[in-house]
Structure formats: C-alpha cells, structure tokens
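Report on the following structure.
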Amino acid sequence: MGSESSKITGSKDPAKPKNKKISVPTRKQSVNTGRVTLPPTIKIATSISCTNGFLVNENDRKLQVDRPDVNRNRSGSGSSERSNSIKYKSHPVPCRYRNLIQGCFQNPHEVIGRRILKRTAELRPDFAKFYFALTQEQREEIEESIKYLLKKTVCNVDFLDEIQRMAENFGERFVPFRSIGFKADFFATVADATIKECAFLDNAIHPAHQTLSAFSQFITMVFSSVRDGYYNEMRRLRRTSNSFSTGSNSSCRRKKPSLDSSTTSELPLSVRSMSPSNESRLSDECFTPIHECDEGFLKPPEMVSTRTN
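Numbered according to the numbering used here, the sequence shown spans residues 60 to 368.
Structure, rendered in structure tokens:
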C-alpha cells in the first residue's frame, strides 16, 4: 500500500491510447564498396523528345521560349545560309573608308569637275584634243555631270544598287561624243584624275595612303559601272540599227519574187529546156573544144569552123 501521491502518479490516463509504439528510423551503417554513385539526370521539358511523348502542363508552357524553326539539312545549316547572305550583301569599301569619303566631301568641292577634266587633259593628249573640240556649253555640261555624279554617289555610298544606276546613266551620255573623238579608254584616265582630285579634299587630316586607298576603291567601283553603262548603250544602238536594216532588206526581198513570177509566166520556154533538135546542135557549136597546134599555140576560129563543117 502506498500514499495518495503514489496512486496519482501510478494511475493511467484513459485519453491516451494503449500500447502505442513510436517508430524510430533505423540507421544503417554505410559500407564503402568502392563504387561511385552518380546523381540522377534531370530532363527539362523543352521538346516532345524530352517529355517522352507526354503533354506538357500549361504552367510549363509559359516557361518555354518560342524559337523559330530553322531548316537544317545534311549539306548545310542555318549558319551557313546567314554567312552567304552577309557575303552577298557585303560592301566592297570598308565602313571606315566610307566615313572618310563622306567627311572629305563636306569640304568645298564646287569646281571639282573642271579640275578633273583639266588633269585628264594633262595626262592624255588625245583626251585633250577631244576636250578642246567641245563647245563651251558642252564642257560645262560634262563638268556639272561629273560633280553631280560624285555628290550623289557619296551621299548614297551605302547603297550599291543606287550607285550602279547613277553611274550607268552617266556612262550612257558619252556615246554621242564618239563622233568628236571620244573613246572608252578615256574612262580609266578620268578615274585616275578623280582619285587625285578627291584626295586633295581631305586637307591632310588623315594619312595620305589611307585617303588614297579609300578613294581608289570607291572610284574604281563607280567607274566600272560607268564603263558598263557606256557599252550597254552602244549595244542597244547597234541592235536597233541592225533590226532596222534587216527589216528593210526583208521588205525588198518580199517584193522581188512577185515581179519575177509575173514576168516568167509571160515569157516562152527557152530552146535549151526543150528536146534536142538541129537548132540546139547549132547553138552548141560555141562550146566546141578548141584544138591546139603542134607548136602549142591556139588555132584561129576560122580553122576550127571549117574543120567542124
């Protein structure tokens, strides 16, 4: 028997369940077996192949980035196509040279056309002969056209198609001057004079070799199109002249058979076309062979006629 305090502490609480077992995780001792365990791979659902054919949740779709589809073949890839397009659109004159050219033309250049023609006349005597054969009005027109060409091409230095169009139109204007003595070879001398005169516009701000290199690349590109426009206009004029001449000849040929057919129907048949007769034999006497003498000289026609009789 004990006291009341011992009874209270010894009494069991009816609210608590009976026979309750507390589970304690058992710890296993890790044994070093010498094998290296790799962490599991995590797949990111960016395509159907990564999701193993299952659909993606809407929340996952929001995290995906829309990428454009690029057609990739075995022969090439999207990067090669982009590089080819860049090469096709690349400018023959570098960007720093283009900026240099535009900066030079911000200086005064109102008489650059006259300077170019005078320098060309000094470099080539046959061009000087052509230049002085022009009238004063024609000289001023050519000077203004050269200045206008340079100003417009420098303003549109980044657009190759526009430069080509303006240069070809400039070259077409020199075709009528062939009658005065203009030659296509003059364009090369004019280009050299243009490079030298344009280099003076820099006023020695940049190194001389850099300025000459920039203008030589640019002026060579421009005057190649100028020469193409000159030859294209010459071909066009030749085609038109040939078509006109062939058209006139064909009309004359069409008229001749009509006259021949009307006249031949009225004329009688020739004797040679009929059956052979005595008259035809007599007519063949002119084709008799000519005999030679023993000495090698030809016999007179009287002897030939007597022998045939």
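For every residue, glycine included, the Cβ atom is placed at its ideal position computed from N, Cα and C.
Keep in mind it's a predicted model, so treat the numbers as computed, not measured.
**Q.** T189 versus R232: straight-line alpha-carbon distance, rounded
**A.** Looking at the sequence shown, residue 189 is not Thr but Phe. Using only the alpha carbons, I get a separation of about 15 Å.
Q. Are at least three pairs of beta-carbons, each pair with one atom in the region 215–232 and one in the region 247–254, less than 8 Å apart?
A. No: the two stretches stay apart, fewer than three of their Cβ pairs being nearer than 8 Å.
Q. Run through DSSP, which three-state label would P235 get?
A. Helix, per DSSP.
Q: Note down the Cα distance separating A180 from T212, rounded to an integer number of angstroms.
A: The straight-line gap from Cα to Cα measures roughly 24 Å.
Q. Alpha helix (DSSP H) containing Q161: first to last residue?
A. Boundaries of the alpha helix (DSSP H) around Q161: 154–163.
Q.
Less than 8 Å between the C-beta atoms of E196 and V234, yes or no?
A. No.
Q. Does DSSP put L193 in a helix, in a strand, or in coil?
A. If DSSP states are grouped into helix, strand and coil, L193 belongs with coil.
(Q) Quick check: the region 258–278 against the region 159–177, are at least 3 beta-carbon pairs closer than 8 Å? (A) With a cut-off of 8 Å, the region 258–278 and the region 159–177 count as touching, because enough Cβ pairs lie within range.
Q.
Out of R183, C163, F191, which one is the CA nearest neighbour of A247?
A. The option with the nearest alpha carbon to A247 is R183.
Q: Answer with buried or exposed for S136, where buried requires no fewer than 16 other C-beta atoms within 10 angstroms of its C-beta.
A: Low per-residue confidence applies at S136: pLDDT is 44, beneath 50, and the placement is therefore not dependable enough to give any value.
Q.
What does the Cβ neighbour count give for L208, buried or exposed, with the cut at 16 atoms within 10 Å?
A. Under this definition L208 is a buried residue.
Q | CA nearest to the CA of V152, picked from F164, H168, D217 | A | Cα-wise, what sits closest to V152 is D217.
**Q.** V170 classed as buried or exposed, judged by whether at least 16 other C-beta atoms fall within 10 angstroms
**A.** Counting Cβ neighbours within 10 Å, V170 comes out exposed, since fewer than 16 surround it.
Q: Run the proximity test for S238: is its beta-carbon closer than 7 Å to any non-hydrogen atom belonging to the ligand SAH?
A: Inclusion of the ligand SAH in the displayed structure is not the case, the ligand content being empty and no account of it being possible.
Q: Can you grab the Cα-Cα spacing for the pair S204 / L271, in whole Å?
A: Going from the Cα of S204 to the Cα of L271 covers about 23 Å.
Q.
If you follow the alpha helix (DSSP H) that L182 is in, where does it begin and where does it stop?
A. Boundaries of the alpha helix (DSSP H) harbouring L182: 171–182, taken from the DSSP string.
Q. Residues in its own chain within less than 6 Å of S284 by CB, not counting five upstream and five downstream?
A. The residues Q223, A226, E227, in chain order, have a CB closer than 6 Å to that of S284 in the same chain once the five nearest residues on each side in sequence are set aside.
Q) What is the residue span of the alpha helix (DSSP H) that F218 lies within? A) Unbroken run through F218: none, as it is neither H nor E.
(Q) Can you look up A258 in the DSSP assignment and give me helix, strand or coil? (A) Helix at A258.
**Q.** Proximity of A243 and R295 at Cβ, strictly below 8 Å
**A.** Not in contact: A243 and R295 (Cβ atoms no closer than 8 Å).
Q: Return the residue from the list S300, K210, R155 that minimises the CA-CA distance to N166.
A: Of all alpha-carbon atoms in S300, K210, R155, the one lying nearest the alpha-carbon of N166 is that of K210.
Q) Is the beta carbon of G240 less than 8 Å from the beta carbon of A187? A) With contacts defined as CB atoms closer than 8 Å, G240 and A187 fail to qualify as a contacting pair.
Q) By Cβ distance, which residues of its chain are closer than 6 Å to K206, with the 5 residues on each side in sequence left out? A) Setting aside the 5 residues that flank it on each side, K206 is surrounded in the same chain by I171, G172, each with a C-beta closer than 6 Å to its C-beta; the list follows chain order.
Q | Three-state secondary structure assigned by DSSP to D244 | A | Per DSSP, reduced to three states, the secondary structure at D244 is coil, with no helix or strand assignment.
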